[in-house]
Amino acid sequence: MLLLLDILTTAAILFVVAIGLLAVFGVLKIINFAHGAWLTIGAYCAVVTGKLGLNPWAALPIAFVVGAALGGLAEYVIIRPLYRRPLDAILATWGLGIVVGQLITLAFGRDVQLTPNLLSGTVEILGTGYSAYRLVALVAALVIGAVFALVIERTRLGLSARAVIMNETLARSLGLDTARVRLVVFMIGAGLAALAGVLLTPLTSVDPTMGVGWLIGAFMLVMVADTSFLALAAACLVFGAAQVLVSTFVSPVLGSIAVAVLAALVLRISPKGFSRA
Amino acid sequence: MSTRPLVGALAALVLTASPVLAAEKPIVIGVPVGLSGANSVVAPSVVQAAELAVEEINAGGGVLGRKLALEVADDASGAAGAQKAFDALIYQKKVDVIIAMETSAARNAGLPAVTKGRVPYIYTSFYEGHSCNKNLFVNGWVPEQQVPPVIDAFAKDKNAKTYFLIGSDYAFGRGMLAFTRAYIEKTGAKVVGEEYLPMDGSDWTAIISKLKEAKPDALVTSTAGGAPNVTLTKQLRGAGVTLPYANLAVDEGTAKSMGKDADGIYLSASYVTGIDSPQNKAFLAAMEKKFGAGLRTPNDLSVPEYEAIYLYKAAVEKAGSTETAKVLAALPTVTATGPRGTIGMSKQHHAPLTMYLGQVQGDGSVKVVGTFKDVDPGEQCPKLD
Amino acid sequence: MPETVPAAGLAAARASGRPRLARAAPLAVALLAAMALWVAPLVLDTFAVNVLTRSMIYAVLAVTVDLLWGFAGILTFGQAAFFGIGAYATAMLLSAQGGAPHWMAAAAALAVVAPLLLGLAVGWLSFYHRSTPLYASVISLVVPIVVTQGIYSGGERTGSSSGLVGFDVLPLEIEGFFRLAAILLVVVTLAAWILVRSDAGRLLVALRDNEARCAYLGLNPRRLQIGLTAVLAGVAGLAGFVFANASGVVAPENAGFLFGTELVIWVALGGRGTLVGPVLGTIAIDYLAANLSGDLPFLWQLLLGTAFVAIIILLPGGLAELARRAVSVLPLGRRAAAPRLAARPARAAPRNEAPLLSVEGLAKSYGSLTVLESIDLTVRAGELVSLVGPNGAGKTTLMRCLSDGTEPFRGSVAVAGTATAGLTPNRIVALGVGRKFQVASVFESLSVAECLRLARAAHEAPSPLRRADILGLPQPVLDILRMTGLDALMAEPARLLSHGQKQALELAMVMALEPRIILLDEPTAGLTKAERTTIGTVLKGLAADLGIAVVLVEHDLDFVREISSRIVVLHQGRLVLDGTVEEVVGSALVRTIYAGGAHA
């Protein structure tokens with residue numbers, strides 16, 4: 001039971017972290033290597049919220065707005081010129097990540113930051129106390145997933161995004177302003193990354209390099225999921241389970257590289273990853 | 001914070017330019033530290049401690065009539081950066097000695113440089129032990145000194161019979177816990193689990209679940225400093241772990257950034273700000289006066305830096321010169337009295353130290369709950385004696 | 001069968017003789033550089049000598065990254081891992097065994113072989129039929145992460161996070177190590193330079209430009225990419241050996257993913273695809289970092305990051321591009337001369353009546369959508385078969401199934417009696433099938449002559465050392481070139497050709513393969529009337545004179561009527577008619593189909 005909860009909550013956290021990256025990859029066909037930096041930006045929004053004495057939960061909307069706004073700027077200045085050069089976009093966004101990290105360092109210093117607690121304590125489940133916050137993370141993942149699905153399936157934006165994913169040239173010839181769709185989707189992706197950053201604060205240290213550790217895992221999950229968010233959910237469950245099981249029964253050290261290695265092998269065997277199923 | 005080294009360099013410049021010194025070249029102390037990278041949280045406090053020591057010594061007439069000057073360089077907390085920093089200090093700045101707190105990788109990367117460049121090197125960080133080089137002296141603690149106070153206290157006060165060990169997968173983490181396990185087993189208690197996560201790992205879920213399953217009497221952790229330590233502690237507290245918890249890698253500053261998650265953690269150190277001695281009080285007052293609002297809390301990594309400069313002064317005065325061979329001969333024989341007490345690096349290039357068992361309080365301060373006089377570093381470098 | 005260049009061609013080439021000087025230029029520059037670096041330690045201070053020793057070793061890695069990324073288009077972060085393995089292999093062996101000469105030699109060998117083997121494995125993982133460049137980059141990210149983790153977990157043997165120090169090294173002073181690093185750098189750069197200037201070197205660029213075209217020229221892109229990865233992993237390992245000796249210490253970060261990205265940053269700033277740019281860029285940035293970063297640790301990173309982003313966006317060619325632009329203002333520019341054309345005797349193609357291409361019961365579907373159904377088709381030598389049918393009839397899909405055996409389909413396809421199921425395009429090319437795509441598929445960065453040389457690469461391996469003065473091509477290719485006027489444009493980069501010229505070039509490339517069957521997908525699309533006529537004449541000649549079987553997809557019915565010996569009509573995935581021009585043109589069915597609305 002404990003194991004199952006560990007798997008579910010681990011998958012939930014992976015999903016929350018990776019969903020923004022997936023949105024960007026799906027529509028823009030670009031890997032945003034500054035994703036880690038946006039996680040960090042989100043977490044620092046939580047720090048600032050705490051310093052201003054606001055309710056810790058207020059950090060969620062604040063981070064989303066700040067992340068999206070900065071994301072819009074980044075899209076306009078850096079991503080837009082590189083649509084036709086996806087490998088260069090990886091490099092440019094990686095460089096952007098370095099720049100953001102250094103700017104945060106210059107502004108806040110290198111120190112680990114204290115963030116207000118979103119929720120502490122444990123919940124009694126089947127005789128053992130389980131971290132209440134991890135359960136919240138599970139709920140958060142479900143909510144984000146549901147909202148994401150609604151937006152994709154039920155809104156004009158979702159429709160446009162799906163059109164661009166399927167066939168960008170056709171979408172453009174049908175009079176869709178694809179540049180605008182890309183901008184909006186990138187902003188949403190960046191906003192989601194920042195949101196994930198806030199949700200991570202009770203789980204990890206908040207410092208200028210905190211995002212990098214999450215980047216590779218998220219990146220591998222998105223590669224496996226391709227452009228489908230259901231496939232992402234499946235990938236998070238499978239690889240989250242692999243991570244927890246390997247960590248529990250073999251070694252946590254192997255567990256921590258399990259996602260990257262397994263995802264690479266899955267892609268080798270089935271290049272379309274989980275999205276084909 | 002990034003302006004600190006500039007200020008340091010400027011201070012050095014001003015000092016060298018003052019007329020008293022025109023007669024003779026200053027003695028230059030090289031301080032390679034991790035201004036960027038993993039150590040950049042603690043590095044500024046180390047530089048401040050060095051600046052105070054140099055200022056005090058110069059105010060007191062210098063060493064052998066010569067002033068001291070500091071040269072700070074960034075080692076980026078790693079091997080590649082350390083190679084550059086050591087080369088710059090030894091060959092460009094022509095330093096007479098290197099006195100610094102660094103990561104083990106950076107220290108190792110510096111060893112070939114000090115050997116080739118024939119410069120004494122005083123390493124002022126606690127570390128996993130057994131780093132031996134004829135140019136290297138250490139005045140920070142090693143596992144043999146830090147671990148026994150904690151385990152003894154847990155055995156005595158908490159009646160702990162079973163332990164769980166958690167660490168980051170790197171030299172310090174593994175080295176500390178290997179010694180801890182050996183020591184626990186020697187005292188007749190049992191280790192019921194020992195788990196590691198990579199240094200940059202951020203998900204301790206599985207390990208924490210194993211810990212809860214094992215139901216030990218006490219927990220000992222030895223992670224990489226800073227981020228991994230904070231991450232582990234947050235997740236431990238989130239999972240409701242309230243065991244007696246000794247954290248071998250926490251310092252007062254990190255404890256503060258953990259907020260109330262740090263409450264009740266035991267730590268073992270050769271320095272805590274709460275040491276009740278006139279030397280410590282004078283030191284803290286001088287730091288406060290010199291740095292004011294910009295003061296970085298002195299800690300177990302910065303105070304040894306301060307003291308090591310005094311140790312070097314004593315060695316140079318005894319040797320009557322800054323010549324490397326003579327200084328190296330004098331270093332194990334001299335002592336200096338500082339905030340941590342009277343210390344000499346007399347035991348195989350390592351120092352017997354007084355260790356303090358502390359417990360983090362609700363407000364983030366550390367209360368001394370036990371004092372252990374002159375703990376021996378044990379057999380570190382038998383070939384060097 | 002040995003192929004011979006007509007004596008006249010050879011003599012002409014010799015007479016025109018490109019100046020030997022130009023060919024010796026790399027050697028001369030390398031010699032000068034080596035001499036300068038040999039005396040450099042005498043004038044530089046110890047600090048500079050020490051720092052530059054490491055910078056030069058890093059520059060060796062930059063050269064390997066540039067070959068992979070700048071030339072072959074494989075963006076890699078993995079060179080750091082191979083470097084680290086070389087360095088650790090050296091340090092671990094020397095720690096355990098001491099530095100006796102034979103152990104030193106063993107360490108050097110191990111430092112090359114271990115990364116080379118891993119490079120083979122990584123190459124196998126990264127490159128397979130239909131792998132994407134992004135996937136290769138992903139793997140190159142995972143490799144250093146796994147290797148670093150291995151080092152951390154290695155305990156005493158690898159020194160974990162502290163690295164290894166205090167092992168025996170080569171008995172050299174710091175000047176000696178400087179010279180060793182300098183020699184390594186000069187040799188590796190020179191070798192790389194000679195390679196990229198050679199005919200074989202154009203293969204790297206071809207891989208970057210158009211991997212599919214390489215495969216359809218009968219080359220095995222996978223083998224080339226895997227081989228390149230492995231060899232350059234070995235070179236990186238050798239650099240690791242020198243590094244371990246020169247610095248006397250190895251650390252996990254030497255193998256890490258961050259170092260891998262740093263290498264890419266240096267190469268990008270210096271100018272990818274220029275070799276000299278990355279070398280100078282790496283040395284300059286690393287040396288500058290040693291001098292500046294101590295004073296401004298965070299600002300330095302910020303500046304480097306900003307410069308990197310700016311260069312990637314605004315100046316993809318890096319600083320070398322800037323320098324090149326500056327120099328090109330001066331009246332020094334010269335374009336490399338094109339090789340002379342020479343005729344190769346045509347391969348005697350056995351002409352018999354056995355079908356060259358036989359398709360039986362071919363069917364293909366995407367999910368529930370059936371695209372092709374029970375297609376039976378036989379094509380013999382000398383036939384010119386046109387596939388016609390409205391859009392969506394499955395013509396292009398059929399072409400794909402004929403030229404790529406890994407395409408999932410039911411039924412069977414055989415070329416000259418050999419079943420093609422499961423064969424990758426390059427192996428089908430080896431059976432004598434040439435394919436021309438709908439959108440002209442050539443190598444945009446290469447000149448016309450280079451494109452044609454690569455089309456011959458499967459027959460005669462291009463030299464990795466030099467550029468041949470003569471380009472031997474089968475007579476039909478020369479005819480195509482002459483008729484389309486391409487023979488006057490041999491030195492022209494393919495990207496500057498007109499649409500029609502590109503189509504002609506691709507056809508010439510396909511013909512240079514000396515195929516027995518050619519598959520052409522709308523060869524006349526977008527061409528002028530005159531160009532169409534030319535192509536028609538060429539095709540008819542190929543079929544009639546050389547007995548080549550031609551299968552083409554065409555919309556222009558007039559064109560089809562003019563040239564075809566047989567016409568096959570596809571409609572809604574079925575083959576509805578297969579007959580002579582007269583039969584098909586006269587068919588009521590065809591008229592209905594083209595009028596729309598027919599449901600056969």
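Read top to bottom, the protein sequences are chains A, P and R.
Note that the first sequence covers residues 1 to 277 in UniProt numbering.
Note that the second sequence covers residues 1 to 385 in UniProt numbering.
Note that the third sequence covers residues 1 to 600 in UniProt numbering.
Yeah, the Cβ is synthetic: ideal placement off N, Cα and C, and Gly gets one too.
This one's a predicted model, so the numbers in the text were calculated from it and none came from an experiment.
Whose Cβ in chain A lies nearer than 7 Å to the Cβ of residue i?
{"i": "G305/R", "result": "G95, I98, V99 and Q102"}
{"i": "L141/R", "result": "I216"}
Measure the alpha-carbon distance for residue i versus residue j and round it to whole angstroms.
{"i": "L332/R", "j": "A326/R", "result": "Model confidence at L332/R stands at a pLDDT of 49, short of 50, so the residue's coordinates are unreliable; what they give is reported in the following sentence. Straight-line Cα distance between these residues: approximately 11 Å."}
{"i": "T26/P", "j": "P171/R", "result": "The sequence shown places Pro at residue 26/P, not Thr. Their backbone Cα atoms lie some 35 Å apart in a straight line."}
{"i": "V250/P", "j": "Y58/R", "result": "36 Å"}
{"i": "P332/P", "j": "M345/P", "result": "5 Å"}
{"i": "V33/P", "j": "T40/A", "result": "25 Å"}
{"i": "R400/R", "j": "L539/R", "result": "21 Å"}
{"i": "D6/A", "j": "V253/A", "result": "17 Å"}
{"i": "L21/P", "j": "T242/P", "result": "With a pLDDT of 45 at L21/P, under the threshold of 50, the modelled position of this residue cannot be trusted; read the value that follows with caution. Each residue's alpha carbon lies about 58 Å from the other."}
{"i": "S40/P", "j": "A89/A", "result": "30 Å"}
{"i": "D45/R", "j": "L52/R", "result": "11 Å"}
{"i": "R174/P", "j": "S161/R", "result": "10 Å"}
{"i": "T406/R", "j": "T378/R", "result": "21 Å"}
{"i": "I404/R", "j": "F148/A", "result": "The identity of residue 404/R in the sequence shown is Asp, whereas the question assumes Ile. When rounded, the distance between both Cα atoms is 39 Å."}
Consult DSSP for residue i and reduce its assignment to one of helix, strand or coil.
{"i": "T254/P", "result": "helix"}
{"i": "V185/A", "result": "helix"}
{"i": "residue 292/A", "result": "This structure leaves residue 292/A out entirely; chain A is present only between 1 and 277."}
{"i": "K234/P", "result": "helix"}
{"i": "H350/P", "result": "strand"}
{"i": "F164/P", "result": "strand"}
{"i": "G259/P", "result": "helix"}
{"i": "E360/R", "result": "strand"}
{"i": "N247/P", "result": "strand"}
{"i": "H571/R", "result": "strand"}
{"i": "D226/A", "result": "coil"}
Which residues in chain R have a C-beta closer than 7 Å to the C-beta of residue i? List them in chain order.
{"i": "T105/A", "result": "F298"}
{"i": "Y170/P", "result": "Y152, S160 and S161"}
{"i": "M223/A", "result": "V138"}
Going along chain P in order, which residues have a C-beta closer than 8 Å to the C-beta of residue i?
{"i": "T248/A", "result": "A206, S209 and K210"}
{"i": "A290/R", "result": "K84, D87 and A88"}
Please list, in chain order, the chain R residues whose beta carbon lies closer than 8 Å to that of residue i.
{"i": "R174/P", "result": "G155 and S160"}
Taking Cβ-Cβ distances shorter than 8 Å, what residues in chain A pair up with residue i?
{"i": "Y245/P", "result": "In chain order: nothing, as chain A lies at least about 16 Å away."}
- [ ] Kindly provide the ranges of any beta strand (DSSP E) runs that are 3 or more residues long and lie completely inside the region 262 to 330 of chain P, ordered along the chain.
- [x] 266 to 269
- [ ] Counting only runs of 4+ residues fully inside the region 42 to 88 of chain R, write out the alpha helix (DSSP H) ranges in chain order.
- [x] 46 to 65
Open item on the list: Any contact between the region 308 to 323 of chain R and the region 82 to 102 of chain A? By contact I mean 3 or more CB pairs, one from each, below 8 Å.
Closed with: yes
- [ ] Tell me, please, whether the region 468 to 475 of chain R touches the region 410 to 429 of chain R by the rule of three or more beta-carbon pairs shorter than 8 Å.
- [x] no
Task: Cβ contact (3+ pairs, closer than 8 Å) linking the region 134 to 150 of chain R and the region 60 to 79 of chain R - done: yes
Open item on the list: Give the list of continuous alpha helix (DSSP H) stretches no shorter than 4 residues that lie fully inside the region 118 to 175 of chain R.
Closed with: 133 to 152
TODO: Would you check if the region 217 to 229 of chain P and the region 264 to 274 of chain A touch, i.e. whether three or more CB-CB distances between them fall below 8 Å?
DONE: no
TODO: Go through the region 223 to 276 of chain R residue by residue and report every complete run of the beta strand (DSSP E) that reaches 3 residues or more, in order.
DONE: none
Open item on the list: For the structure I just gave you, are there three or more beta carbon pairs, one from the region 105 to 119 of chain A and one from the region 205 to 215 of chain A, closer than 8 Å?
Closed with: yes
Task: the region 146 to 158 of chain P contacting the region 266 to 274 of chain P, beta-carbon criterion three pairs below 8 Å - done: yes
Open item on the list: Across the region 101 to 121 of chain P and the region 83 to 91 of chain P, are there enough close Cβ pairs to call them in contact, namely three or more that are closer than 8 Å?
Closed with: yes
TODO: Determine, using beta-carbon pairs with one atom in the region 445 to 453 of chain R and one in the region 477 to 495 of chain R, whether at least three such pairs fall under 8 Å.
DONE: yes
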